[in-house]
Amino acid sequence: MHIHTLGPAATDSNHASIAYLQQHPELAESVVLHDRFETILRQLAQWPGDLVVIPAAFQSDLWQESWGDVHYAFRDQLTLIDSFVHPLDPLVVVENEQRQTGIGYTHAATGKLLERTVALTQLVTTPSKVAAYQRYQSDGQYVLTNERNVTLTATDSIIKRIEVNMVWCVYRINGGN
Numbered sequence: 006m007h008i009h010t011l012g013p014a015a016t017d018s019n020h021a022s023i024a025y026l027q028q029h030p031e032l033a034e035s036v037v038l039h040d041r042f043e044t045i046l047r048q049l050a051q052w053p054g055d056l057v058v059i060p061a062a063f064q065s066d067l068w069q070e071s072w073g074d075v076h077y078a079f080r081d082q083l084t085l086i087d088s089f090v091h092p093l094d095p096l097v098v099v100e101n102e103q104r105q106t107g108i109g110y111t112h113a114a115t116g117k118l119l120e121r122t123v124a125l126t127q128l129v130t131t132p133s134k135v136a137a138y139q140r141y142q143s144d145g146q147y148v149l150t151n152e153r154n155v156t157l158t159a160t161d162s163i164i165k166r167i168e169v170n171m172v173w174c175v176y177r178i179n180g181g182n
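Be aware that the sequence shown starts at 6, since it is given in this note's numbering, and climbs by one per residue.
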């Protein structure tokens, strides 16, 4: 059995899943990373008996659905078996002071937080905060991402640092549904 969650390896989802696996080694052998949570949810039938770890703050930019929406919509395919609290790696809002694009990048779950922190002309959401930072480097004025993802340049400055705990939900993928 495996734990399926959002990748790449630098994501909070991966770190939370590894922490859970270390506390419950009897439940799974390894963590399998996917490019989007939606990818996992579309392919549940392939992994009966495996686990899915998803944050309570999940927000789909593709489906325009929250964790609650997914929890109810997939009730026949997923059984909630556990939850735990694990901190996100510290978040930062970074500004490129030379760009005046008004474009801000972040994960869909943190979009409102970025909008409450800076004045944007365009919010662009990405599948992960790692992907948000990568996109920011091309034309963004702002990014909300994990601090460990950031390599500050001479034109970057950290506007705000945010520390927050997250509730993580552990689901078992039901077989034969």
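Every residue gets a Cβ at the ideal spot worked out from N, C-alpha and C, and that includes glycine.
Between the alpha carbons of residue i and residue j, how many angstroms are there, rounded?
i, j, result
"S65", "T10", "14 Å"
"N182", "L56", "Note that N182 scores 42 on pLDDT, short of 50, meaning its location in the model is unreliable; the coordinates nonetheless yield the value given after this. The alpha-carbon atoms of N182 and L56 are separated by roughly 15 Å."
"T111", "Y138", "7 Å"
"W72", "W173", "10 Å"
"K134", "G116", "10 Å"
"A124", "I45", "34 Å"
"L26", "E34", "8 Å"
"V97", "S143", "18 Å"
"T122", "V148", "11 Å"
I need the DSSP call for residue i, collapsed to helix, strand or coil.
i, result
"N182", "Unreliable positioning characterises N182 in this predicted model, as indicated by a pLDDT of 42, which lies under 50. A coordinate reading is not provided."
"E100", "strand"
"Q64", "strand"
"L93", "coil"
"T16", "coil"
State the start and end residues of the unbroken beta strand (DSSP E) segment that holds residue i.
i, result
"H29", "Premise fails: H29 is in no beta strand (DSSP E) and is neither H nor E."
"T111", "108-112"
"L56", "56-60"
"I10", "Per the sequence presented here, residue 10 reads as Thr, with Ile not at that position. Taken as a continuous stretch (DSSP letters only), the beta strand (DSSP E) holding T10 covers 7-11."
For residue i, tell me which candidate among the options has the shortest Cα-Cα distance.
i, options, result
"H20", "D74, W52, S71, F89", "F89"
"R104", "L119, H39, S162", "S162"
"P95", "L83, R177, N170", "N170"
"G180", "Q127, E152, G54, E43", "G54"
"D81", "A50, F42, S143", "A50"
"F42", "Q28, H76, A24", "H76"
In the DSSP assignment, find the unbroken alpha helix (DSSP H) run with residue i in it and report its ends.
i, result
"G73", "72-78"
"T44", "42-47"
If you scan the region 122-173 from start to end, which runs of the alpha helix (DSSP H) of 4 or more residues do you find wholly inside it?
134-144
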